[in-house]
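Novice: Below you'll find the structure I mean.
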Amino acid sequence: DGHLIIEPFEDELARKNGGYDLRIGKIASFTSKSAYTHTDQPTKFQEFESLIVAPNQRILFLTLERVAFPKDMVAEIYLRSRYSQLFNMSQHMGKVKQGWEGNLILEICNFSLDRPVQIAYGEPLVCLDIFCLDMPSKT
Numbered sequence: 048d049g050h051l052i053i054e055p056f057e058d059e060l061a062r063k064n065g066g067y068d069l070r071i072g073k074i075a076s077f078t079s080k081s082a083y084t085h086t087d088q089p090t091k092f093q094e095f096e097s098l099i100v101a102p103n104q105r106i107l108f109l110t111l112e113r114v115a116f117p118k119d120m121v122a123e124i125y126l127r128s129r130y131s132q133l134f135n136m137s138q139h140m141g142k143v144k145q146g147w148e149g150n151l152i153l154e155i156c157n158f159s160l161d162r163p164v165q166i167a168y169g170e171p172l173v174c175l176d177i178f179c180l181d182m183p184s185k186t
């Protein structure tokens, strides 16, 4: 209950600064025109081996790892710098609040004008910067 859980955990993905690299799991792909169109259909995530993200294409992905945060830890999510440069995309991708658990659902978009980018299943794509709070959250 009071410990951070990352499953599956790989030692080589742990960072010396208290962070952890998360890998790409299943994906859901859509074009920029249909990205935010409301449908009654749930997003379907599918397994994949490798994929080319075309310019202006958006990809939703589940992290391969499932995380469970105790009430006294939070994290910032950052796109790894290599991908930030390839996608012409900001590095900051959000936060993980205390007490949250599950696979993270994240979105990437290839904002480059003419550069397709290849991604592969299991590739480290984002980094969690993990922080301990002075006091556990009451919520």
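Residue numbers for the sequence shown, in the working numbering: 48 to 186. All residues carry an ideal CB built from backbone N, CA and C; glycine is no exception. This structure is a prediction, so every number in the text was calculated from the model and none was measured.
Measuring alpha carbon to alpha carbon, tell me which residue in Y130, G146, W147 is nearest A167.
Specialist: As a first step, residue 167 must be located in the sequence shown, where it is residue number 120. Residue Y130 is the option with its Cα nearest to A167.
Novice: Considering just the uninterrupted stretch of the alpha helix (DSSP H) at Y130, what are its terminal residues?
Specialist: Here residue 130 is taken as the residue at index 83 of the sequence shown, counted from 1. Note, Y130: alpha helix (DSSP H), 128-134.
Novice: Among residues of its own chain, excluding the 5 on either side of E54, which ones have a beta-carbon nearer than 7 Å to its beta-carbon?
Specialist: Here residue 54 is taken as the residue at index 7 of the sequence shown, counted from 1. Counting only Cβ-Cβ distances below 7 Å, and skipping sequence neighbours, we find E112, R113.
Novice: Is the Cβ-Cβ distance between F92 and A75 less than 7 Å?
Specialist: As a first step, residue 92 must be located in the sequence shown, where it is residue number 45. As a first step, residue 75 must be located in the sequence shown, where it is residue number 28. Yes, the Cβ-Cβ distance between F92 and A75 is below 7 Å.
Novice: Express the C-alpha separation of F178 and K185 in angstroms, rounding to a whole number.
Specialist: For the purposes of this step, residue 185 is identified with residue 138 of the sequence shown, where counting begins at 1. For the purposes of this step, residue 178 is identified with residue 131 of the sequence shown, where counting begins at 1. Approximately 17 Å, taken between the alpha carbons.
Novice: Does the stretch 92-104 come within contact of the stretch 151-166, defined as at least 3 CB pairs closer than 8 Å?
Specialist: yes
Novice: State buried or exposed for I52, treating a residue as buried only when at least 16 other CB atoms are found within 10 Å of its CB.
Specialist: Against the sequence shown, residue 52 aligns to sequence position 5. With fewer than 16 Cβ atoms within 10 Å of its Cβ, I52 is classed as exposed.
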